[in-house]
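Protein sequence lines, in the order shown, are assigned to chains S and V. Be aware that the first sequence starts at 236, since it is given in my numbering, and climbs by one per residue. Be aware that the second sequence starts at 236, since it is given in my numbering, and climbs by one per residue.
There are 2 protein chains.
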Amino acid sequence: MRMTPMIESFVCHFGEMGSRWGFNRTVGQIYALLVISEQPLSANDIADMLGISRGNVSMGLKELHSWQLVQTTHRQGDRKDYYQSRGSIWDMANRVFEERRKREMDPTLSLLRDIMLDEAANPDEAFAQQRIGEIHDLLENITEWTQSLQSLSPEKLNTLMKLGSGVGKVLDFKDKFMAKKAD
Amino acid sequence: MRMTPMIESFVCHFGEMGSRWGFNRTVGQIYALLVISEQPLSANDIADMLGISRGNVSMGLKELHSWQLVQTTHRQGDRKDYYQSRGSIWDMANRVFEERRKREMDPTLSLLRDIMLDEAANPDEAFAQQRIGEIHDLLENITEWTQSLQSLSPEKLNTLMKLGSGVGKVLDFKDKFMAKKAD
DNA sequence: TTAAAGTTTCAGAATTTTCTGAAAGTATTA
DNA sequence: TAATACTTTCAGAAAATTCTGAAACTTTAA
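Here's what the structure looks like:
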């Protein structure tokens with residue numbers, strides 16, 4: 236694959252976004268390249284196309300590997316490793332969510348839990364503890380909910396997303412039905 | 236409020252998390268302090284408690300203000316500005332989501348849209364464009380959906396979250412009902 | 001109008017993150 | 001076993017981000 240202005244702008248942007256999405260520029264660019272390339276690419280291809288060092292590519296691929304976002308393939312009579320993006324777009328989104336949950340939610344939840352186990356030493360701490368409790372409960376709810384959403388099939392998730400705020404109506408409806416059933 | 240080990244560990248952690256959540260360490264710490272403080276704090280209080288410069292506090296508060304996460308109050312016969320966290324925990328979570336959407340999704344969606352309007356110059360670009368289209372559609376779905384969720388009342392959202400993956404059953408049920416109604 | 005009490009800005013220092021490239025490591029083949 | 005073709009690591013260089021503090025600015029009240 237050759238770098239064209241279109242491909243370059245996509246790759247660049249993914250690089251910039253990378254840092255917002257939890258990985259660094261290079262990692263973002265490498266992944267972008269792999270996603271839009273029909274053929275697997277070698278580490279050298281990637282280094283050349285992005286104009287970055289071979290070592291940097293190796294580290295980036297290592298990270299993408301740990302996120303399970305790339306896979307390695309080989310070719311007959313060629314010792315090089317070739318890299319390919321892995322799974323569907325949904326899989327990729329799932330991985331990113333999961334990884335972010337691990338980085339952004341889990342450590343916080345664990346600290347908040349610890350704090351709540353402490354005895355408040357004075358009224359300030361008692362107030363703080365109460366607020367911390369609220370934050371903990373909210374984060375825990377969100378975490379559990381997103382986890383359960385991820386266990387839903389892509390089709391169900393799609394239905395749910397298409398429903399948009401209409402999901403409110405479905406909930407009302409369910410309540411009514413449950414009430415009737417209790418008669 | 237005095238710094239105690241409990242309060243300090245909470246504040247420190249929020250600082251570290253800050254960078255993952257889209258704001259820098261100082262901003263995270265300032266916000267943490269304001270959230271768990273029952274009384275509003277002056278900029279000097281904050282600088283002293285966190286051991287950082289007055290200028291840094293000013294910049295941090297400015298950013299929190301732009302996120303609409305703090306509000307300024309005053310006291311009779313006192314010229315100082317006092318700062319307070321704003322809104323409920325839900326409001327805070329909403330703000331963070333919204334801000335992140337603005338930073339992480341909107342620019343990407345807009346770039347992807349632009350790319351899709353271009354004419355593919357060769358087969359590589361045609362393939363790339365197709366993948367980019369998939370990514371665009373997924374991101375757009377997620378964006379619209381999260382927006383519509385945010386417009387739901389906190390109670391409805393809570394019901395929905397409590398439902399967890401049980402939401403799948405409710406969807407099935409709704410389908411069945413719709414089918415019957417069509418008879 | 002002026003002094004006092006406060007806030008904001010911003011250039012450069014300090015710190016953190018990322019990147020390079022040479023050296024070390026690991027297959028594979030002859 | 002040695003030569004070859006490739007990958008990985010990591011110390012230090014480069015770049016990006018964050019923080020400080022002095023100076024400029026704003027508001028209030030006497």
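C-beta atoms are modelled at their ideal positions from N, C-alpha and C, and glycine is treated no differently.
Next item on the list: From the DSSP output, in three-state form, read off S/Arg314 for me.
Entry: Of the three classes helix, strand and coil, the one that applies to S/Arg314 here is strand, per DSSP.
Notebook entry, point to check: Can the beta-carbon of S/Asp353 be found less than 9 Å from the beta-carbon of S/Thr378?
Noted result: no
Check: Is the Cβ-Cβ distance between S/Arg321 and S/Leu304 less than 9 Å?
Finding: yes
Next item on the list: For V/Ser277, I'd like the list of residues in its chain whose CB is within less than 6 Å of its CB, leaving aside the five on either flank, ordered along the chain.
Entry: Lys315, Tyr317
Margin query: Quick check: S/Ala356 and V/Thr239, are their CB atoms within less than 9 Å of each other?
Written below: yes
Check: Would V/Leu395 pass as a contact of S/Leu406 if the rule is Cβ separation under 9 Å?
Finding: Yes, they are a contact pair.
Checklist line | Entirely enclosed alpha helix (DSSP H) segments - the segment 317-399 of chain S, minimum 4 residues | finding: 324-335, 341-352, 358-385, 389-398
Check: Counting contacts by CB-CB distance shorter than 9 Å, is S/Asp419 in contact with chain V?
Finding: For chain S, the structure presents residues 236 to 418; residue 419 of chain S sits outside this window and is missing.
Next item on the list: Determine the chain S residues that contact V/His248 at a beta-carbon separation under 8 Å, and present them in chain order.
Entry: Pro342, Thr343, Leu346
Note to self: Against chain V, does S/Thr394 count as a neighbour if the rule is that its beta carbon must be under 9 Å from one of theirs?
What the structure shows: yes
Next item on the list: Identify, in the order they occur along the chain, each residue of the same chain with its Cβ nearer than 6 Å to the Cβ of V/Gln306, setting aside the five sequence neighbours on each side.
Entry: Gln319, Arg321
Check: For V/Thr239, which three-state DSSP category applies?
Finding: coil
Next item on the list: Leaving aside the five residues before and after V/Ala361 along the sequence, list all residues of the same chain whose C-beta is less than 6 Å from its C-beta, in chain order.
Entry: Ala355
Next item on the list: Quick one: using the 10 Å Cβ neighbour count with 16 as the cut-off for buried, is S/Lys409 buried or exposed?
Entry: buried
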